[in-house]
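Chemist: Handing you a structure now.
Quick look at the structure:
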């Protein structure tokens, strides 16, 4: 147990994932929900990098998946924030309970 | 306990503690700053695993890009000093139970799992190796996903502009009931939604 191995990283990743899930379920503000999604994506990245390091050091595929996930997370955050700002402009609120009309 | 172990546990405490504070803090700006600590801790974890390139990308994209974007949108949309609404008690309790039991179940399954390493000699994860394999068109190259993700970034950029743009329409095209009282209102269409801006009188 003293030696830091794969399981330590998987446990951190698991804890971070469920922290993100908890935040996603309890928050009502769209920006904080977006932050929870970022936590979940980061936990997946830790997973991929740890598997690559400890199980398949002869390959680089985990790193590529991590890079692609980071790219897609950046695109997703940009689009989400554009939607949030547009929603705020129309409704003066980014609370998910008040902005339940998306048909306009 | 050597220094490497201690550094690992410091990083782990930063990540998990920052994440917990980020989802429970009631001031949204503090929540964003705790998220920053978590992301920096994850970059430290990549440095710990000797993956410098991924750590640099993590710092540049997440810490330098996404968190700054989130902080800007906090400033644009709401007062950052006031407390957020507390979640309903039942919702918070059941969400916490779901998260805790899910976490325990997943950790149990992971701890029962036996992983076998490939045992082959390691490839050095330098930027040259990563770039060479990512842009190669041979069997294990990642050229196609690279191009697809660049198309995705372009689409996201155009989509952001289209969603967030404000279009001013000439006054005769406004719906009759949208500016009944005041003729000085400047009508604004943003992404198909028609509204009048009250403060601006130009």
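Protein chains in written order, with this note's numbering: chain A, 72 to 175; chain B, -16 to 185. All residues carry an ideal CB built from backbone N, CA and C; glycine is no exception. Keep in mind it's a predicted model, so treat the numbers as computed, not measured.
#1: Between residue 82 of chain B and residue 128 of chain A, which are expected to be in contact by the criterion C-beta below 8 angstroms, what is the C-beta distance as a whole number of angstroms?
#2: Drop a sphere of 10 angstroms on the beta-carbon of residue 15 of chain B, count the other beta-carbons inside from all chains shown, and report buried for 16 or more, exposed for fewer.
#3: How far does the alpha helix (DSSP H) with residue 124 of chain A in it reach, from first residue to last?
#4: If I follow the unbroken beta strand (DSSP E) through residue -2 of chain B, where does it start and stop?
#5: Does the beta carbon of residue 53 of chain B sit closer than 9 angstroms to a beta carbon anywhere in chain A?
#6: Less than 9 angstroms between CB atoms is the rule here; does residue 121 of chain B satisfy it with respect to chain A?
#7: Should residue 146 of chain B be flagged as near chain A, meaning a C-beta pair shorter than 9 angstroms?
#8: Less than 9 angstroms between CB atoms is the rule here; does residue 28 of chain B satisfy it with respect to chain A?
#9: Would you call the CB atoms of residue 144 of chain A and residue 49 of chain B closer than 9 angstroms?
#10: Counting only Cβ pairs nearer than 9 angstroms, list the residues of chain A close to residue -13 of chain B.
#11: Give every residue of the same chain whose Cβ lies closer than 6 angstroms to the Cβ of residue 47 of chain B, excluding the five residues on either side of it in the sequence, and list them in chain order.
#12: Got a sec? Which residues, its chain only, sit under 7 angstroms from residue 100 of chain A by beta carbon, not counting five neighbours each side?
#13: Could you tell me whether the Cβ atoms of residue 91 of chain A and residue 109 of chain A are closer together than 9 angstroms?
#14: Does the distance from the CB of residue 39 of chain B to the CB of residue 27 of chain B come in under 9 angstroms?
#15: Tell me, please, which residues DSSP counts as bridged to residue 166 of chain A.
#16: Check whether the Cβ of residue 150 of chain A lies closer than 9 angstroms to any Cβ atom in chain B.
#17: Identify each residue in the region 12 to 26 of chain B for which the Cβ-Cβ distance to at least one residue of chain A is less than 8 angstroms, and report them in chain order.
#18: In its own chain, which residues sit with a C-beta less than 8 angstroms from the C-beta of residue 116 of chain A, not counting the 5 before and 5 after it?
#19: Among A/158, A/113 and A/168, whose alpha-carbon lies nearest the alpha-carbon of residue 80 of chain A?
#20: Check whether chain B comes within 9 angstroms of residue 167 of chain A, counting only Cβ atoms and requiring the distance to be less than that.
#21: Quick one: give me the first and last residue of the alpha helix (DSSP H) that residue 23 of chain B is part of.
#22: Mapping the DSSP letters down to three states, classify residue 163 of chain B as helix, strand or coil.
#23: Measure the Cβ-Cβ separation of residue 117 of chain B and residue 135 of chain A and say whether it is below 9 angstroms.
#24: Return the chain-ordered list of same chain residues with a C-beta closer than 6 angstroms to the C-beta of residue 19 of chain B, the five sequence neighbours on each side being excluded.
#25: Alpha carbon to alpha carbon, what distance is there between residue -5 of chain B and residue 3 of chain B?
#26: Determine, using beta carbons only, whether residue 46 of chain B comes closer than 9 angstroms to chain A.
#27: Are the C-beta of residue -7 of chain B and some C-beta of chain A separated by less than 9 angstroms?
#28: Identify the contact partners of residue 113 of chain A in chain B, using a Cβ-Cβ distance below 8 angstroms as the criterion.
Modeler: The relevant details are as follows:
#1: Counting from 1 along the second chain, the entry for residue 82 of chain B is found at position 99. Counting from 1 along the first chain, the entry for residue 128 of chain A is found at position 57. Contact flag wrong, Cβ pair sits at about 33 angstroms.
#2: Translated into the one-based positions of the second chain, residue 15 of chain B becomes position 32. With 16 or more other CB atoms across the displayed protein chains lying within 10 angstroms of its CB, residue 15 of chain B is buried.
#3: For the purposes of this step, residue 124 of chain A is taken as the residue at position 53 of the first chain. Looking at the DSSP string, the run of the alpha helix (DSSP H) that includes residue 124 of chain A is 101 to 125.
#4: If you number the second chain from 1, residue -2 of chain B lands on position 15. Counting along the chain, residue -2 of chain B falls outside any beta strand (DSSP E), though it belongs to the alpha helix (DSSP H) covering -14 to 7.
#5: Numbered from 1 along the second chain, position 70 holds the residue referred to as residue 53 of chain B. So yes, residue 53 of chain B belongs to the interface.
#6: Here residue 121 of chain B refers to the residue found at position 138 of the second chain. For residue 121 of chain B, the answer is no, since every Cβ of chain A falls outside 9 angstroms of its Cβ.
#7: Your numbering for residue 146 of chain B matches position 163 in the second chain. Taking a beta-carbon distance threshold of 9 angstroms, residue 146 of chain B counts as an interface residue toward chain A.
#8: The residue labelled residue 28 of chain B in the question sits at position 45 within the second chain. Interface annotation, residue 28 of chain B: in contact with chain A, CB-CB separation under 9 angstroms.
#9: Numbered from 1 along the first chain, position 73 holds the residue referred to as residue 144 of chain A. Numbered from 1 along the second chain, position 66 holds the residue referred to as residue 49 of chain B. With contacts defined by Cβ atoms closer than 9 angstroms, residue 144 of chain A and residue 49 of chain B form a contacting pair.
#10: In the second chain, counting from the first residue as 1, residue -13 of chain B sits at position 4. Chain A residues near residue -13 of chain B: 75.
#11: Locating residue 47 of chain B in the second chain gives position 64, counting from the first residue. The beta carbon of residue 47 of chain B sits closer than 6 angstroms to no other beta carbon from its chain once the five residues preceding and following it are set aside.
#12: Numbered from its first residue, the first chain carries residue 100 of chain A at position 29. 165 and 166, listed in sequence order.
#13: Position 20 of the first chain, counting from 1, holds the residue named residue 91 of chain A. Position 38 of the first chain, counting from 1, holds the residue named residue 109 of chain A. A contact, by the Cβ cut-off of 9 angstroms.
#14: Here residue 39 of chain B is taken as the residue at index 56 of the second chain, counted from 1. Here residue 27 of chain B is taken as the residue at index 44 of the second chain, counted from 1. Taking 9 angstroms as the Cβ cut-off, residue 39 of chain B and residue 27 of chain B do not qualify as a contacting pair.
#15: Start at 1 with the first residue of the first chain, and residue 166 of chain A comes out as number 95. BP columns for residue 166 of chain A point to A/100.
#16: Start at 1 with the first residue of the first chain, and residue 150 of chain A comes out as number 79. By the rule that beta-carbons nearer than 9 angstroms mark a contact, residue 150 of chain A touches chain B.
#17: From the region 12 to 26 of chain B, only 14, 15, 18, 21, 22 and 25 have a Cβ closer than 8 angstroms to chain A.
#18: Your numbering for residue 116 of chain A matches position 45 in the first chain. Within the same chain, residue 116 of chain A has close Cβ partners 137, 140 and 141.
#19: Counting from one through the first chain, the residue named residue 80 of chain A turns up at place 9. Residue nearest to residue 80 of chain A within the set A/158, A/113 and A/168 is A/113 (criterion: CA-CA distance).
#20: On the first chain, position 96 is the one that residue 167 of chain A refers to. False, the Cβ-Cβ gap to chain B never drops below 9 angstroms.
#21: In the second chain, the residue the question calls residue 23 of chain B occupies position 40. It spans 11 to 31 - the alpha helix (DSSP H) in which residue 23 of chain B sits, taken as one unbroken run.
#22: Position 180 of the second chain holds residue 163 of chain B. Caution applies to residue 163 of chain B, whose pLDDT of 49 falls short of 50 and renders its modelled position unreliable; the model cannot decide the point.
#23: Numbered from 1 along the second chain, position 134 holds the residue referred to as residue 117 of chain B. Numbered from 1 along the first chain, position 64 holds the residue referred to as residue 135 of chain A. Taking C-beta atoms as the reference points, residue 117 of chain B and residue 135 of chain A count as a pair closer than 9 angstroms.
#24: In the second chain, counting from the first residue as 1, residue 19 of chain B sits at position 36. Leaving aside the five residues that flank residue 19 of chain B on each side, the residues in its chain whose CB is nearer than 6 angstroms to its CB run, in chain order, 50.
#25: If you number the second chain from 1, residue 3 of chain B lands on position 20. If you number the second chain from 1, residue -5 of chain B lands on position 12. Rounded to whole angstroms, residue 3 of chain B to residue -5 of chain B spans 12 angstroms at the Cα level.
#26: Here residue 46 of chain B corresponds to residue number 63 of the second chain, with the count starting at 1. So, not an interface residue.
#27: The residue given as residue -7 of chain B occupies position 10 in the second chain. So no, residue -7 of chain B is outside the interface.
#28: Translated into the one-based positions of the first chain, residue 113 of chain A becomes position 42. In chain order: 21, 22, 25 and 45.
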